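Asker:
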Amino acid sequence: MTFVDVGTPPNGFQGGWESVVVRFHGFASLPSARNEEVESPEFTCVGEKWHVMIYKGGDMLSHDGMVGLCLYGTANDSIKFSFHVENAEGSILCHKIAPSHTFTSGETWGFPNFAELSSILKFLVNGSLIVFVHMRKVERSKPLPVPFTPANPFSKLMMNYFMDEESADLVFAVGNEQDTASTVAFYAHRFILKECAPMLALLAGSNVEDATPIPITDIRPNVFCHMLYYAYGGKVAEEDLKENAFDIIDAADKYEVVNLKLETEALFVSSTIITLDNVFELLLYSHDKNCALLKEATIDFIVENGDDILKKVSLKDVPGGLFSDLLTAMTRDKNNGTSNGSSDDLSTMRVNDLRKRLDEKGLCLDGSRETMIALLQENS
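For the sequence shown, the positions run 18 to 397 when this note's numbering is used.
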């Protein structure tokens with residue numbers, strides 16, 4: 018049915034329903050496999066273009082023996098619609114109304130369990146299924162303001178314990194043994210370090226009554242502060258990570274603050290230009306500290322600049338263990354691409370993708386390519 022308005026409709030006037038009759042002729046012979054649809058020709062209703070799609074054998078969400086009936090189209094406005102089926106006498110089999118819905122491009126919306134196939138077959142008119150489609154546009158209501166929801170306070174509460182002398186049960190004396198005046202005291206908690214910096218907790222021993230300061234002489238106080246702050250859930254500024262990259266990686270590697278090590282390594286790789294002058298130094302460092310991402314970047318540089326490397330850089334001291342990394346990079350280069358995570362070939366997969374897979378499985382992300390691959394294979 019089409020409505021003709023005389024004059025200007027008042028604000029908030031919803032108008033009436035528009036109706037279209039869609040007839041599926043020869044319904045009994047339509048495809049009956051599950052998820053196989055028959056689509057009507059395009060028609061116009063409420064000023065938009067539509068198709069009706071019927072699944073005689075049901076779609077993926079339909080129950081056995083049920084027919085699916087859906088509306089397909091695009092509309093910026095919210096649409097309310099319904100379907101019903103009539104026989105030759107005007108009796109209605111079923112009338113289902115869908116909630117208001119805004120159709121995005123190429124979206125299907127409707128009823129996976131519209132009616133039983135056995136019932137529909139009894140309502141055919143000369144072998145045709147007569148579907149009445151009723152539609153109207155729904156005026157959008159004024160959106161409600163987004164309610165304020167406070168964040169989970171756990172991180173903030175944990176940060177309150179950082180350097181809290183009153184509640185701490187450990188103290189670290191960080192600095193040069195020869196210059197006690199420069200030593201800085203850092204207060205900490207066993208239960209936090211046990212999970213977030215296990216090697217620091219191990220240094221403290223098991224005697225909870227021992228309040229003797231634990232000496233740390235191989236890390237500068239400012240670097241130790243960054244590491245401890247991170248262990249308590251803090252975010253270390255990028256400038257501090259860049260300025261102290263090697264020192265932070267060294268400390269995080271030794272005391273097993275793994276995520277800080279990986280975050281610092283990733284920032285270093287993204288902000289450092291590898292050249293013929295520094296490639297050998299970075300390669301040896303990455304190998305020594307199991308910085309797989311940095312090692313991969315240096316190996317890639319070597320593969321891409323092989324001729325210049327052979328002419329200008331001495332590789333006589335390169336560890337033999339790097340051969341497999343070189344072979345991996347050469348194989349990846351030969352295949353004209355890099356793994357983006359879609360391939361299951363762990364042997365040539367990028368370090369970034371290996372770490373993603375380890376993280377998804379709740380496994381340790383630290384270690385060499387070989388270590389990561391072996392861990393994934395053990396837990397596949």
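Beta carbons: idealized from backbone N, C-alpha and C, even for Gly.
Every value quoted in this text rests on a predicted model; they were computed, and no experiment measured them.
Taking 7 angstroms as the limit between beta carbons, can you name the residues of its chain near residue 199, skipping five residues before and five after?
Answerer: 192, 193
Asker: Using a 10 Å radius around the Cβ and a threshold of 16 neighbouring Cβ atoms, would you call residue 62 buried or exposed?
Answerer: Flag for residue 62 reads buried.
Asker: DSSP beta-bridge partners for residue 233?
Answerer: 191
Asker: Please report how far the alpha carbon of residue 261 lies from the alpha carbon of residue 276, in whole angstroms.
Answerer: Cα-Cα distance, rounded: 16 angstroms.
Asker: In three-state DSSP terms, what is residue 374?
Answerer: helix
Asker: Whole angstroms are fine: how far does the CA of residue 282 sit from the CA of residue 392?
Answerer: Put simply, the backbone Cα of residue 392 is about 21 angstroms away from that of residue 282.
Asker: What beta strand (DSSP E) runs, 3 residues minimum, are completely inside the segment 100-172?
Answerer: Taking only runs of at least 3 residues, the beta strand (DSSP E) segments lying wholly in the segment 100-172 are 109-119, 124-133, 146-155.
Asker: Just to confirm, does residue 70 get its C-beta within under 7 angstroms of one of the non-hydrogen atoms of the ligand ZN?
Answerer: The ligand ZN is not part of the structure shown, which contains no ligands of any sort.
Asker: Alpha carbon to alpha carbon, how far is residue 87 from residue 303? Give it in angstroms, no decimals.
Answerer: 58 angstroms
Asker: Rounding to the nearest angstrom, what Cα-Cα distance links residue 169 and residue 238 in this structure?
Answerer: The straight-line gap from Cα to Cα measures roughly 31 angstroms.
Asker: Would you call the segment 48-63 and the segment 162-177 in contact, with 3 or more CB pairs under 8 angstroms?
Answerer: no
Asker: Kindly indicate which three-state DSSP category residue 272 falls into: helix, strand or coil?
Answerer: coil
Asker: My output table needs one value for residue 290: the three-state DSSP class, helix, strand or coil.
Answerer: coil
Asker: Can you say whether residue 313 is buried or exposed, counting buried as having 16 or more other CB atoms within 10 angstroms of its CB?
Answerer: buried
Asker: Using the C-alpha atoms, what's the distance from residue 252 back to residue 246?
Answerer: 8 angstroms
Asker: When the Cα of residue 121 is compared with those of 128, 130, 397, 96, which residue comes out closest?
Answerer: 96
Asker: Compute the beta-carbon to beta-carbon distance between residue 190 and residue 214, rounded to the nearest angstrom, for a pair I have assumed lies under 8 angstroms.
Answerer: 16 angstroms between Cβ atoms; not a contact.
Asker: Would you identify the three-state DSSP class for residue 184, choosing helix, strand or coil?
Answerer: coil
Asker: Look at the Cβ atom of residue 375, then the Cβ atom of residue 366, and state whether they are nearer than 8 angstroms.
Answerer: No.
Asker: Ordered along the chain, which non-local residues of its own chain (more than five positions away) have a Cβ less than 8 angstroms from that of residue 135?
Answerer: Around residue 135: 82.
Asker: What's the gap between the Cα of residue 116 and the Cα of residue 85?
Answerer: One C-alpha to the other measures close to 17 angstroms.
Asker: Following the continuous beta strand (DSSP E) through residue 66, name the residue where it begins and the one where it ends.
Answerer: 65-72
Asker: Quick one: what does DSSP say residue 392 is sitting in, helix, strand or coil?
Answerer: DSSP places residue 392 in helix when its eight states are reduced to three.
Asker: Helix, strand or coil: how does DSSP classify residue 31 here?
Answerer: Because the pLDDT of residue 31 is 48, which lies under 50, any placement of that residue in the model is unreliable, and the number read from its coordinates should be weighed accordingly. Residue 31 falls in the coil class under three-state DSSP.
Asker: In terms of residue numbering, what span does the alpha helix (DSSP H) encompassing residue 296 cover?
Answerer: 296-305
Asker: Return the CA-CA distance between residue 294 and residue 173, expressed in angstroms with no decimal places.
Answerer: A straight-line Cα-Cα distance of about 44 angstroms links residue 294 and residue 173.
Asker: So, residue 48 versus residue 79, is the Cβ gap smaller than 8 angstroms?
Answerer: no
Asker: Would you decide whether residue 206 is buried or exposed? Buried here means 16 or more other CB atoms lie within 10 Å of its CB.
Answerer: buried
Asker: If I measure Cβ to Cβ from residue 148 and keep anything under 8 angstroms in the same chain, skipping five residues before and after, which residues do I get?
Answerer: Hits under 8 angstroms: 38, 39, 40, 41, 69, 71, 86, 100, 101, 102.
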